[in-house]
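Below: the structure, in structure tokens.
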Amino acid sequence: MTNHTAESELIYIKKIIDDSRQATLDNGKYYILWGVVVGIASILTYFGVKQRLEGNFINWVWMNCIVIGWIFSFIFMFKDRKKERNKTFAGKMIGHTWVGAGITMAVIAFVGIPAKVIPYDAICPVIAAVAGGANYISSRLQKSGFILIVAIGWWIGSGILFYLNGIDVILAYGIMLSLFSIVPGIVLYYRWKKELSDESLNEVKSA
Amino acid sequence: MSEFDYQKIDEVLHSRIRTAIMAVLISVEEADFKFIREKTNATDGNLSVHLKKLEDAGYIKVKKNFVDRKPQSVYNITNKGHKAFEAYILNLESIIKNNKGAK
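In structure tokens, the structure reads:
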């Protein structure tokens, strides 16, 4: 084996490893799910505050919405795992990042507020900042510029939310959810669908 | 003179397609047939033959199951495969090093 052959062999191996390590495209389902679930919780909180039903009602709303969100997430995870074509380290890391971010958000909401350490007005901006961080990590692992924009959107939105008070925070947070969770979720879902149909088309062509 | 020893080259791995299969499987925990085919640009028949060779050498393992009533073969690398691939890479590196030293 010549020096040139050995070198080209190593370059080839490195290229394949780099290519295979990349996480597959997000199917956007979790963005839509959590956007809708938290959106419903925000709308109910808005009306709860308007009707002066604060306290137990708001806790009950958030607790139920989060439990429903997790149940659906587990159903999606179970279905996706069955259809998964490969398991990459990056894909696993994205999953862990979002589970970690979800637990962090739950601790902030369900422990920070009852303990009266975090005021109501601060919950949305803090959660938005955590969402920005989780989106940022996902964007780097998937090498997706689109998700990076979503992450920056959450961070900028979080900064704005810190300057708002009372009911305005929930309203602005609702707008952010549609802009940075539901809309990106729909975009990612259609991209994923398109990639799947392109793959099947290539398969038909090669058959 | 180069210190290259041809006997050190693993005959099972010394094939472009089999090296490519091992490189794919070393970078993921497991992968199905379609994913490996996509990454290696191999045809179905060719890929099956080479996967079988790697399986016979004990470098990879296959799990067969059904997804949506369709058969699916999922492959993963064994410990023996890991060690063999590592040795193969080290061998390639030593060839490059020795040749550079000889110049």
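Sequences listed follow chains A and C, in order.
Counting in this note's numbering, the first sequence runs from 1422 upward without gaps.
Counting in this note's numbering, the second sequence runs from 21 upward without gaps.
Even glycine gets a Cβ: it sits at the ideal position worked out from N, Cα and C.
As the structure is a prediction and not an experimental result, all values here were calculated from the model.
So, are the CB atoms of residue i and residue j less than 8 Å apart?
{"i": "residue 1564 of chain A", "j": "residue 49 of chain C", "result": "no"}
{"i": "residue 1558 of chain A", "j": "residue 1529 of chain A", "result": "no"}
{"i": "residue 39 of chain C", "j": "residue 1430 of chain A", "result": "yes"}
{"i": "residue 1490 of chain A", "j": "residue 1454 of chain A", "result": "yes"}
{"i": "residue 96 of chain C", "j": "residue 45 of chain C", "result": "yes"}
{"i": "residue 1532 of chain A", "j": "residue 1556 of chain A", "result": "no"}
{"i": "residue 1463 of chain A", "j": "residue 1594 of chain A", "result": "yes"}
{"i": "residue 1545 of chain A", "j": "residue 1604 of chain A", "result": "no"}
{"i": "residue 1449 of chain A", "j": "residue 1608 of chain A", "result": "yes"}
{"i": "residue 1562 of chain A", "j": "residue 1511 of chain A", "result": "yes"}
{"i": "residue 1488 of chain A", "j": "residue 1469 of chain A", "result": "no"}
{"i": "residue 1542 of chain A", "j": "residue 1574 of chain A", "result": "no"}
{"i": "residue 114 of chain C", "j": "residue 53 of chain C", "result": "no"}
{"i": "residue 74 of chain C", "j": "residue 41 of chain C", "result": "yes"}
{"i": "residue 47 of chain C", "j": "residue 1441 of chain A", "result": "yes"}
{"i": "residue 1494 of chain A", "j": "residue 1452 of chain A", "result": "no"}
{"i": "residue 1569 of chain A", "j": "residue 1467 of chain A", "result": "no"}
Below 7 Å on C-beta distance, what does residue i contact in chain E?
{"i": "residue 1616 of chain A", "result": "The structure shown has no chain E; the protein chains it does contain are A and C."}
Checking the sheet assignment: what are the DSSP bridge partners for residue i?
{"i": "residue 1509 of chain A", "result": "C:48"}
{"i": "residue 96 of chain C", "result": "C:81"}
{"i": "residue 1537 of chain A", "result": "In DSSP, residue 1537 of chain A forms no bridge with anything."}
{"i": "residue 91 of chain C", "result": "C:86"}
Does DSSP put residue i in a helix, a strand or coil?
{"i": "residue 79 of chain C", "result": "coil"}
{"i": "residue 21 of chain C", "result": "Unreliable placement is indicated for residue 21 of chain C, whose pLDDT of 43 sits below 50; no coordinate value is reported for it."}
{"i": "residue 118 of chain C", "result": "helix"}
{"i": "residue 1468 of chain A", "result": "helix"}
{"i": "residue 1564 of chain A", "result": "coil"}
{"i": "residue 29 of chain C", "result": "coil"}
{"i": "residue 35 of chain C", "result": "coil"}
{"i": "residue 66 of chain C", "result": "helix"}
{"i": "residue 1601 of chain A", "result": "helix"}
{"i": "residue 1544 of chain A", "result": "helix"}
{"i": "residue 55 of chain C", "result": "helix"}
{"i": "residue 1473 of chain A", "result": "coil"}
{"i": "residue 105 of chain C", "result": "helix"}
{"i": "residue 1585 of chain A", "result": "coil"}
{"i": "residue 1580 of chain A", "result": "helix"}
{"i": "residue 1553 of chain A", "result": "helix"}
{"i": "residue 1523 of chain A", "result": "helix"}
{"i": "residue 1516 of chain A", "result": "helix"}
{"i": "residue 1449 of chain A", "result": "coil"}
{"i": "residue 61 of chain C", "result": "coil"}
With three or more C-beta pairs closer than 8 Å as the rule, is the stretch 1507-1518 of chain A touching the stretch 1469-1485 of chain A? no
Specify whether the stretch 99-106 of chain C and the stretch 28-40 of chain C touch according to this definition: at least 3 beta carbon pairs, one from each stretch, less than 8 Å apart. yes
Take every Cβ of the stretch 1598-1606 of chain A, pair it with every Cβ of the stretch 1433-1441 of chain A, and state whether three or more of those distances are shorter than 8 Å. no
Residues, ordered as in the chain, of the stretch 50-71 of chain C that lie near chain A by beta-carbon distance below 7 Å: 50, 51, 52, 54, 55, 59
Quick check: the stretch 1567-1583 of chain A against the stretch 1528-1541 of chain A, are at least 3 beta-carbon pairs closer than 8 Å? no
Contact the stretch 66-76 of chain C vs the stretch 1457-1473 of chain A: 3+ CB pairs below 8 Å: no
Using Cβ-Cβ distances below 8 Å, what residues of the stretch 91-115 of chain C are close to chain A? 109, 112, 113, 115
Would the stretch 1519-1529 of chain A count as touching the stretch 53-63 of chain C if we require 3 or more Cβ pairs under 8 Å? no
Residues of the stretch 1579-1595 of chain A with Cβ closer than 7 Å to any Cβ of chain C, in chain order: none
Using 8 Å as the Cβ pair cut-off and three pairs as the minimum, do the stretch 1606-1618 of chain A and the stretch 73-90 of chain C touch? no
Under 7 Å, CB to CB, which of the residues in the stretch 32-48 of chain C have a partner in chain A? 39, 40, 43, 44, 46, 47, 48
Interfacial residues, the stretch 1423-1439 of chain A to chain C, with Cβ spacing under 7 Å: 1424, 1427, 1428, 1430, 1431, 1434, 1437, 1438
Given a limit of 8 Å on CB to CB distance, which residues of the stretch 1456-1480 of chain A reach chain C? none
To be precise: take each residue of the stretch 1561-1573 of chain A, compare its Cβ to all Cβ atoms of chain C, and keep it if any distance is under 7 Å. Which residues remain? none
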